[in-house]
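First to last, the protein sequences are chains B, C and Z.
In this text, residue positions in the first sequence follow my numbering: the first is 6, and each later residue adds one.
In this text, residue positions in the second sequence follow my numbering: the first is 104, and each later residue adds one.
In this text, residue positions in the third sequence follow my numbering: the first is 1290, and each later residue adds one.
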Amino acid sequence: MFAHCADPSALGGLNWLLCYLTSGKHLLFYYSFGTVLVLLAVTAPVALGMGFLGAMAARAHNRALSLVGKAYMLMVRGIPDIIFFMFFVIALDQGLETVAHHLRCPDWTEPIRTALEFKVCPEAKIPPNSAPQYVHQIYGFALAVVTFAIVFGAFAANVLYGAMNAVPRAQLETAEAYGLSPRQVFRRILVPQMWVYALPGLSNLWLILIKATPLLFLLGVNDIVYWAQELGGSKTDSYAYPHGDWRLWYFLFLLAFYLAFTRVSEVVLGRLTARLSRGQATMAGEAMRKAGA
Amino acid sequence: MTCMETLSAYAFRSIGLGERMLPKANITLCEQFTLIGSGLIWNIYYGALALFAGFFLANALALAKAAQNPWLRKPAEWFIFTFRGSPLFIQFFLAYQVFVLLPKGGVELGGITVHTDWLTKAWAGALVVLFLNTAAYSAEIFYGALRSVPKGDIEAADAYGITGFARFRRILWPTMLRLGWPAYTNEAIFLFHATTLVFFSSFPAFRQQGDALYYAAYFADKTYNPFIPYPIVGFYFICLTLLLTWAFNSVNRRLNRHLPSNQRARIRLRPQLIR
Amino acid sequence: MKKLMIATALVALSAMTASAQDTVRIATEGLYPPYNLVNDAGKLDGYEIDLGNEICKRAGLTCEFVQNDWDSMMPNLNSGNFDVIMAGMSITEERKADRTFTQNYYPPAISYYVAKSADVDVKTAVVAAQTATIQASHVAESGAELLEFKTPDETVAAVRNDEADAVLADSEFLDPIVAQSNGELVIVDKVQLGEGVGAAFRKSDTELAAKFDKAIGEMKADGSINELIKKWFKEKAVTF
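The following block contains the structure:
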């Protein structure tokens, strides 16, 4: 990065450290924090959407639909999330390619799955082999995002389902008495009211999501954990900056990053909760009303 | 090999009994079920011991956090914040790095040599991390429960002249436990789920003895087919979760037995308190 | 107009499929210097990367190197996420059963047992090795206690902090580490494993494997492979 870093072996002390910390590899390490943030920014709304659909399905009058919704909600309770992470990424990839295979190569006669291999025709490869590496990386990352969204969507469905049930029945009955259709009751009364009940759960879910991001490492994405391991490991002089085992320091840095991140989130979410409680028929809202009066 | 032979060869493989070499070729469904089930021993070991030991530390921490004295309160707050505010996965990595730095010969403490080398082994090191982690999460639950003990209960105790430790043991503590129990049930379930992370963090597998997920990943790698081993682990964990829920429910019934039935706390998923 | 659009789409699609076979994706680990490593600029580098590019040039293929964890190498190869593995993978009879190898591009390697003291008995000690390597299976079969790690780096760290008595890995990987340990680490024993390092392909991919095999053969014949070996393995290099 800096001109004087051209020959690292001649450097000493602070200069060496400065050059070391700005090497190409370290820049990739810093970018990978961006990867984590992008994952969070994309996953959170998608998971919320999935959760909303799940909660709606669980409340449906249609028995089959309701069962599907409830099963979706229960799956994260019974099975560790890490198993989903390990399973879905491969399963989604193979599933998509199988569908593409049947669409694009209907004449292919060889079996897709043999004892050794999972093989689809070249046209069905997602992304195609000829795509540059960054497309493959984006695809891999997208699979990870979808997996996160499915798992955390199930958590969100639990929260939203609980929140929908927590809206006082009297309010819905009043709306019905005014002649609103079930759909109108859902849209105009239930959904706007439920957020305040859902917020504590959703705040906690956000914190859980932050704390789940290191699992990206297990999905083969070169995230911050990967780089901390790679950079921290001791290096011989095959590398420009040989050093001993520094993994402890890299992981301490990650710990500090996560602590700061969760702390800031807690503060912001606390303010948001206070803001949303204003004028609500809950204990917090009542306390605020009294304090103001 | 018939399924019975497989069962006797691999049922306790995860703790080092039976066949030494793992199955390599022509892997049968029976082998997958047996070996993954064998790995579950480790999940139960970690979960049960961490939960048991963590329960006591959690009580102490909850009391410390509720204390007036800042010398008690501040350390407890920081401990809870550190373990609840960072990912367990990172805690495993970091703990392993710290454990390997401890002097190998042991530490001299008042003339007694405390051995530290066992901490780098997964059976002990990971257990310590899980114990501290669950203690922090449970402490926050108990702290919350302690703060919601009805004022009337304490006033009644005062009126009867029950004070000091007796008041805590007979009034505060049972009520705290009763109020916190549904959330604590969830914590227990998610702690058992978290045990699957052990062999995917820094802790090495010794003689290929690992937990259920370790063997599932082994089979997925060997057979190139994730659709069999992972659902098997999932199945085992659903059974484990049902068992746990049943056990905690019986404790819950006992804690609530003095209350009229409409006031009893029911255990249900409380998503705002999951980890 | 509609016909024209369909025609264009078809042409575009066929162009895509034609090029789909052209790019050969080669996977490597990036953690095993000097075979493969991620250099300080953050790029893949090492003997296998230089060699792979040369092979592709000779065979007229477009190649791309991708990085992948060692322990998910074979599942990813077999589910088609890449086509070749060049990651210091030794050729063994057992591995030939489920994958196609080229001829070796590095001669049969010596593996070292490295420990902190010379009097470690490698038949009974706790020996660290990387998961799913020939060294790991050798340790498991030798009667010693196998301690498995996911990356080569961690196996050496385990010996440094006394968690394992010894580590078993390729001599090329361990040599510079021992040399630069200021006498902390010593070589205890040597063992020859495997039939050399080769590129691995899916069992059914014999056509592509043949192309690689031919190019490696040419490079051996004209001596250019030895040049590359000397460049990366320095004075300890074993040439053909």
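Built from N, CA and C at the ideal position, the CB exists for glycine as well.
Under the DSSP assignment, Phe-295(C) falls outside any beta strand (DSSP E), being part of the alpha helix (DSSP H) whose first and last residues are 276 to 297. Taking each of Ile-118(C), Pro-363(C), Lys-325(C) and Ala-239(C) in turn and checking the Cα distance to Phe-186(C), the smallest one comes out for Ala-239(C). By the neighbour-count criterion, in which a residue is buried when 16 or more other Cβ atoms sit within 10 angstroms of its Cβ, Cys-342(C) is exposed. When only Cα atoms are considered, Gln-135(C) and Asn-1365(Z) end up about 21 Å apart.
Under a 10 Å Cβ-count criterion, Leu-204(C) is classified as exposed, with fewer than 16 other Cβ atoms of the shown protein chains found around its own Cβ.
In the DSSP assignment, Arg-187(C) falls within the alpha helix (DSSP H) that extends over 173 to 188. Contact note: Ile-183(C) does not reach chain B at a C-beta cutoff of 7 Å; the least C-beta distance is about 12 Å. Within the same chain, Cβ atoms closer than 7 Å to the Cβ of Leu-230(C) are found at Tyr-149, Leu-152 and Ala-153, the five residues on either side in sequence being excluded.
Exclusion of the five residues before and after Leu-53(B) leaves Ala-161 as the residues of its chain whose Cβ lies within less than 6 Å of its Cβ. By the neighbour-count definition (other C-beta atoms within 10 Å, threshold 16), Tyr-287(C) is a buried residue. One finds Ile-88, Met-91 and Phe-92 in chain B with Cβ atoms closer than 7 Å to the Cβ of Tyr-333(C), taken in chain order.
DSSP, read as helix, strand or coil, puts Arg-118(B) in strand. When Trp-232(B), Arg-68(B) and Gly-158(B) are compared, the shortest CA-CA separation from Leu-259(B) is found for Trp-232(B). Within a 10 Å sphere around the beta-carbon of Phe-155(C) sit fewer than 16 other beta-carbons, which makes this residue exposed.
Selection Gly-56(B), Asn-20(B) and Asn-227(B) evaluated against Gly-206(B) yields Gly-56(B) as nearest (Cα-Cα). Contact of Gln-1469(Z) with chain B is assigned, a C-beta pair being separated by under 8 Å.
Counting other Cβ atoms within 10 Å of its Cβ, Phe-159(C) stays below 16 and is therefore classed as exposed. Within the DSSP secondary-structure output, Thr-216(C) pairs in a beta bridge with Glu-211(C).
For Phe-1490(Z), the pairing in a beta bridge is given by DSSP as Val-1373(Z) and Thr-1389(Z).
Looking at Phe-306(C), Ala-262(C), Pro-285(C) and Ile-193(C), the one whose alpha-carbon comes closest to that of Phe-262(B) is Ile-193(C).
Taken through DSSP and simplified to helix, strand or coil, Val-104(B) comes out as helix. Counted as a single uninterrupted DSSP element, the alpha helix (DSSP H) harbouring Ile-335(C) occupies residues 332 to 358.
Here DSSP, grouped into helix, strand and coil, assigns Glu-1430(Z) to helix. Identification of chain C residues near Ala-60(B) by a Cβ-Cβ cut-off of 9 Å yields none; the smallest Cβ-Cβ distance measures about 11 Å. When 7 Å is used as the limit between beta carbons, Ile-118(C) is near no residue of chain B, the shortest such separation being about 21 Å.
Leaving aside the five residues that flank Ala-129(B) on each side, the residues in its chain whose CB is nearer than 7 Å to its CB run, in chain order, Glu-102, Ala-105, His-106, Arg-109 and Cys-110. The beta carbon of Asn-209(B) sits no closer than 8 Å to any beta carbon of chain Z. Neighbours of Thr-267(B) in chain C, taken as residues whose beta carbon is under 9 Å from its own, are Phe-184, Arg-187, Gly-188 and Ser-189 in chain order.
Contacts with chain B (Cβ-Cβ distance below 8 Å) from the segment 1433 to 1453 of chain Z involve Thr-1440, Asp-1442, Glu-1443, Val-1445, Ala-1446 and Arg-1449, listed in chain order. With a cutoff of 8 Å on beta-carbon distance, Lys-1509(Z) and Phe-1529(Z) are scored as near each other. A Cβ-Cβ contact shorter than 8 Å links Ala-1453(Z) with Val-1415(Z).
Pairing Ala-165(C) with Ala-259(C) gives a Cβ-Cβ distance that is not under 8 Å. Under the DSSP assignment, Arg-64(B) falls in the alpha helix (DSSP H) whose first and last residues are 29 to 64. Between Glu-1473(Z) and Lys-1405(Z), the C-beta spacing is below 8 Å. Nothing from the segment 159 to 174 of chain B brings a Cβ to less than 8 Å from some Cβ of chain Z.
Put simply, of Tyr-246(B), Ser-186(B) and Pro-85(B) the residue whose alpha carbon is nearest the alpha carbon of Lys-30(B) is Tyr-246(B).
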